[in-house]
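Only one structure is covered here, and it is reproduced in the block below.
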Amino acid sequence: MLHLVNKSPFERNTLDACLKRAAPGSAILLYEDGVYAALSGTSVADKVAKATNAFDVYVLGPDLSARGFEPAALIEGVQTVDYDRFVDLTVEKRGVQSWL
Amino acid sequence: MTDATEASGGTSVTKRFLYVNRKAPYGTVYAIEVLEMILIAAMFEQDVHVAFLDDGVYQLRKGQTPAVLEMKDFSKTYRALEDYGVEKIYLEKESMEERGLTADDLVIPAAVLERKDMISLMDSMDVVLSA
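What follows is the structure, given as structure tokens:
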């Protein structure tokens, strides 16, 4: 399963809801305002760093750069993807679950 | 017609659909919209599952009186789901406990799953639609 989170972890609880319910080995893609969860130096960074041990955590590059951040600002273990790779992941992971 | 795929001319495959409800009723339009999607899916004879987690468990609370807000009481519709062949309805135990709800507080006799079982259920689905 590919889990999708598109809200800021500082405004909504969708990231926590996802982390509590994603099966081990699942993939999690952070996009739109969800990309703020992928940045180092925040109050949620430890939680997300830990999540990279249990899940494949991805962030959508265009949404990250649109908000003024470079891949260098990411938590170690979070992988950047482009739109094509996003589409590939939805196929590879056989289904998506959005956390709204 | 046995399923949507056959209707479009492909091979017959019944998919496991899961509708995930995480929002309380009335404050937003999500709950009633998902309920309408479930009724539509049931008409297409898919293998429909419905899960209630987080604030979604409030949707099944007994004794709702939205008429006082001039809103429709769609909580009664959950009782009709069985007549549409939708019988796989699950609530997450931890979400109920966080909110002080017990099985006696609900409009229907839904199955209460521990989070670990809810995780397996959600991971086993072909299509997950959330709100």
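Chains as they are written, first to last, in the numbering used here: chain A, 5 to 104; chain B, 297 to 427. A virtual CB, placed ideally from N, CA and C, is assigned to each residue, including glycine.
- Using beta-carbon distances, M418 of chain B counts as an interface residue toward chain A, with a partner under 9 Å.
- Here A407 of chain B carries a strand assignment [DSSP, helix/strand/coil].
- Every unbroken stretch of the beta strand (DSSP E) spanning 3 or more residues and falling wholly within the region 344-390 of chain B is given here in chain order: 384-388.
- Rounded to the nearest angstrom, the Cβ distance from G99 of chain A to V424 of chain B is 6 Å, consistent with a contact under 8 Å.
- If only complete runs of 3 or more residues are kept, the region 309-340 of chain B shows the beta strand (DSSP E) at 312-317, in order along the chain.
- Per DSSP, Y62 of chain A is one residue of the beta strand (DSSP E) stretching across D60 to L64.
- Take E410 of chain B, set aside five residues on each side of it, and the residues of its chain with a beta-carbon closer than 7 Å to its own are K389, in chain order.
- DSSP places T84 of chain A inside the beta strand (DSSP E), whose first and last residues are Q83 to V85.
- Boundaries of the beta strand (DSSP E) harbouring A31 of chain A: A31 to L34, taken from the DSSP string.
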